[in-house]
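*Asks:* In the working numbering, the protein residues as written are 6 to 248. The beta-carbon is built from N, C-alpha and C at its ideal position, and this holds for glycine as well.
#1: Could you give the DSSP three-state label for residue 104: helix, strand or coil?
#2: To the nearest angstrom, report how far apart residue 34 and residue 43 are at their CA atoms.
#3: Spatial neighbours of residue 177 within its chain, please: C-beta separation below 6 Å, excluding the five flanking residues on both sides.
#4: Which full runs of the beta strand (DSSP E) of 3+ residues lie inside the segment 134-216, going along the chain?
#5: Please identify the residue among 89, 228 and 204 whose C-alpha is closest to the C-alpha of residue 56.
#6: Tell me which residues share the same chain as residue 79 and place their Cβ nearer than 7 Å to its Cβ, disregarding the 5 neighbours each side in the sequence.
#7: Would you kindly check if the distance between the Cβ of residue 226 and the Cβ of residue 2 is under 8 Å?
#8: Comparing alpha-carbon positions, which option in 38, 72 and 68 lies nearest residue 108?
#9: Using DSSP with H/G/I as helix, E/B as strand and the rest coil, what is residue 43?
#10: On the DSSP bridge assignment, give the partners of residue 226 in chain order.
#11: Counting C-beta neighbours from all protein chains within 10 Å, is the total for residue 85 16 or more, i.e. buried, or is it exposed?
#12: Use the C-beta contact count for residue 157: other C-beta atoms within 10 angstroms, 16 or more gives buried, fewer gives exposed.
#13: Taking C-alpha atoms, which residue in 159, 245 and 153 lies nearest to residue 189?
#14: Residue 4 and residue 161 look like a contact to me (Cβ under 8 Å); what is the Cβ gap, rounded to whole Å?
#15: Short check: CB of residue 148 to CB of residue 168, under 8 Å?
#16: Candidates 209, 111 and 48: which alpha carbon is nearest residue 94's?
#17: Quick one: grab the DSSP three-state call for residue 98.
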């Protein structure tokens, strides 16, 4: 399973520290389907001593059956400017506007991706070999974007659960609501066939999940102590999270 929230991705062979110096903020952006909230401003900043060429793109976002993120290039947003070159220590505002057609009551999820365009560096010539070393890198910021009606809200429910081994619990959850939910477990308690209650302490698998509206996901959790037979109940309580 792959769960991606707001990330910085770096693909490189070798990168000078001074080159890794651009930032995007904020990393979570909320839009309204219409009105003033349909336009937001993000900032990009070059904190280094070299020029940084950037490209910004929007992608629609959904989840596969295994929780993997699926993206497609989207024209639902107007981004200005889409490409720019940041001078050393320069900070620029980027205007992002929702221009898509909104239908239904469910929140729409997207990604705003800011990519540092490939740059070639050449290290000092090796005195012994007389050859130089060409270096290239790619730095990306991947921000979460949500277009949400005011009445949208998450509603996460447990759809199924079972033991797949004496130390493994399989649980299926579904967000039947109309907005995403970052899962953060408050408590998880099992009751077995003998009415014995067991609290699950290691819920890190659940807590790594951002469940989009309508998304269903099956996860496997480790159990600290063995359990056998059938399970009667599972009580999952989630904390309220802002984002």
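*Replies:* To lay it out plainly:
#1: The answer is coil: DSSP assigns residue 104 none of H, G, I, E or B.
#2: 11 Å
#3: 164, 165 and 223
#4: 139-152, 161-170, 173-180, 190-197 and 202-204
#5: Across the set 89, 228 and 204, the C-alpha of 89 shows the shortest separation from the C-alpha of residue 56.
#6: Around residue 79: 63, 64, 65 and 115.
#7: Because the chain is modelled from 6 through 248, residue 2 falls outside the range shown and cannot be assessed.
#8: 38
#9: helix
#10: 174
#11: exposed
#12: buried
#13: If we check each option's Cα against that of residue 189, 245 comes out closest.
#14: Because the chain is modelled from 6 through 248, residue 4 falls outside the range shown and cannot be assessed.
#15: Cβ distance not < 8 Å, so residue 148 and residue 168 don't count as in contact.
#16: Out of 209, 111 and 48, 48 has the C-alpha closest to the C-alpha of residue 94.
#17: In this structure, residue 98 counts as strand in the three-state DSSP scheme.
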